[in-house]
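The structure appears below as structure tokens.
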Amino acid sequence: MVALACIATVSAVGLVLATQSSVTVHMSWTVLPYQELRIAGSGTHGPSVTADYVMPQPEDYDLQRGYIEEMNSVALTVNSNIPWKVQVWTDETDMGQSDDRTFTKPISDFLLREHGGEYFPISNTPQILASGNRGSFDIGVDHRILLGSDYRPGSYGLEVVYTVMPK
Numbered sequence: 023m024v025a026l027a028c029i030a031t032v033s034a035v036g037l038v039l040a041t042q043s044s045v046t047v048h049m050s051w052t053v054l055p056y057q058e059l060r061i062a063g064s065g066t067h068g069p070s071v072t073a074d075y076v077m078p079q080p081e082d083y084d085l086q087r088g089y090i091e092e093m094n095s096v097a098l099t100v101n102s103n104i105p106w107k108v109q110v111w112t113d114e115t116d117m118g119q120s121d122d123r124t125f126t127k128p129i130s131d132f133l134l135r136e137h138g139g140e141y142f143p144i145s146n147t148p149q150i151l152a153s154g155n156r157g158s159f160d161i162g163v164d165h166r167i168l169l170g171s172d173y174r175p176g177s178y179g180l181e182v183v184y185t186v187m188p189k
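Heads up: the sequence shown begins at 23 in the working numbering, then just goes up one per residue.
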């Protein structure tokens, strides 16, 4: 009887020890960087987007103050899971010629800024327009087109390139 009780006790202890065993599994994964830039209302999105800018005809008060200004002329949305910056530039060499072909409007007359920031002239080399951390951000872009004393009426415009990239 004592032998039988010992066997039963040893078996019960073995079952308890077996149920206390555990397995630890270590898993890891890599989250790849994701960045997207979107122009509101256009359906255009990706790491790089373009916007065609057509200069409106200046009003008398624009000519008097020396520029046309458009607030929030372009609305961009940045989605990024890493810190980002948006760069802007143009591949154009000028904004076009006057109707009488006596004046060529330089791209340096096209100024832009993140809404509320400092204006800078667009150029053929990328410049930082805005930057931020992870998340979704809306960016308003203001335009100012200079109208010097040499301004002549014409159809002016240019293609502006916006690119989101890691900061």
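Beta carbons are placed, not taken as given, at the ideal position from N, Cα and C, and that holds for glycine.
A quick note: this is a predicted structure, and the numbers were derived from the prediction, not measured.
Determine the burial state of residue i: buried for a count of at least 16 other Cβ atoms within 10 Å of its Cβ, exposed for fewer.
i      : result
Ser102 : buried
Val96  : buried
Gly65  : exposed
Ala27  : Annotation note: pLDDT 47 at Ala27 (below 50); position unreliable, no value reported.
Thr98  : One detail in the question is off: residue 98 reads as Leu in this sequence, not Thr. So Leu98 ends up on the buried side.
Asp160 : exposed
Val47  : exposed
Please return the same chain residues whose Cβ sits closer than 6 angstroms to the Cβ of residue i, not counting the five positions on each side in sequence.
i      : result
Met93  : Asp164
Ser158 : Asn101
Asp121 : Pro175, Gly176
Once DSSP output is grouped into helix, strand and coil, what is the label at residue i?
i      : result
Val35  : Per-residue confidence for Val35 stands at a pLDDT of 48, beneath the threshold of 50, marking its modelled position as unreliable; no derived number is given.
Tyr194 : One cannot answer for residue 194 here, as it falls past the ends of the chain, which runs 23 to 189.
Met49  : coil
Met23  : Caution applies to Met23, whose pLDDT of 46 falls short of 50 and renders its modelled position unreliable; the value that the coordinates give is listed next. In this structure, Met23 counts as coil in the three-state DSSP scheme.
Pro69  : coil
Ala62  : coil
Tyr75  : strand
Glu181 : strand
Looking only at DSSP bridge pairs, what is residue i linked to?
i      : result
Arg166 : Glu91, Leu133
Lys107 : Ser153, Met187
Asp160 : Thr99
Thr126 : Gln119
Check each candidate in the options and name the one with the smallest Cα separation from residue i.
i      : options                      : result
Asp113 : Gly179, Tyr173, Arg87        : Gly179
Thr147 : Thr126, Leu98, Val110, Gly88 : Val110
Asp116 : Thr46, Val182, Met187, Thr52 : Val182
Pro143 : Pro55, Arg123, Pro128        : Pro128
Take residue i and list the residues in its own chain whose beta-carbon comes closer than 7 angstroms to its own, dropping the five residues that flank it on each side.
i     : result
His67 : Glu58, Leu59, Arg60
Pro80 : Ile90, Leu169
Kindly list the residues whose CB is nearer than 8 angstroms to the CB of residue i, restricted to its own chain and excluding five residues on each side of it in sequence; keep chain order.
i      : result
Leu201 : No information on residue 201 is available, as it lies outside the stretch 23 to 189 that the chain covers here.
Gly63  : Ala97
Gly88  : Leu168, Leu169, Gly170
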